[in-house]
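The next block holds one structure in the form of structure tokens; read it before the comments.
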Amino acid sequence: MLETLDRIVEDISGRHHKLVLLIGPPGLGKSNLLGQLAERRKARVLKVGATLGRELLTVSGTQRHLLAADLLKDIADGFESKSLLLLDNIEILFDRTLKLSPLDLLRRHAQARRVIAVWPGQLREDRLSYATMGHPEHQDYGIDGLVLFRIH
């Protein structure tokens with residue numbers, strides 16, 4: 006599995022959006038696989054929730070939604086290694102008070118560098134989702150143009 010993911014990381018270099026999402030049910034090892042890739046590539050995994058959350062605590066509540074994307078960019082720039090950014094624990098990006106579109110944000114980061122991210126939601130019938138319908142943080146996206154790495 007690691008060999009296949011590593012090959013995909015190389016293959017996406019020429020794409021406009023160099024984003025790979027690790028998809029699969031909880032407990033199947035997405036974070037572990039990302040950690041193995043980091044070790045192989047001598048890179049670090051950015052745990053977005055803890056790191057961005059810490060930065061957002063220094064910003065007033067009324068300003069957080071205005072600065073969240075820029076703060077993440079600054080953090081990501083510091084974690085990037087050899088044009089590769091590895092992201093885990095991205096659930097904070099779905100926080101409604103931040104007013105972000107998590108997938109669009111990941112795609113923006115993936116224009117300048119390869120981004121491999123653990124997707125915390127599900128893939129159903131060619132739709133990516135986060136949280137269940139009716140939940141305040143529910144998001145739903147089409148998968149056109151995305152590179153999905155499924156873990157079964």
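Quick note on this note's numbering: the sequence shown kicks off at 6 and runs consecutively. Virtual Cβ for every residue (Gly too), placed ideally from N, Cα, C.
Measure the alpha-carbon distance for E130 versus G32 and round it to whole angstroms. 21 Å
Could you name the residues that DSSP lists as bridge partners for Q41? According to DSSP, which records beta bridges pairwise, Q41 is partnered with nothing at all.
How long is the line joining the alpha carbons of A117 and V152, rounded to whole angstroms? 16 Å
Do V120 and L98 count as a contact pair if the criterion is CB distance below 7 Å? no
Run through the stretch 58-146 for me and flag every whole alpha helix (DSSP H) of 4 or more residues, listed as ranges in chain order. 69-84 and 107-117
Residue range of the beta strand (DSSP E) that I148 falls in? Element bounds for I148: n/a, residue is neither H nor E.
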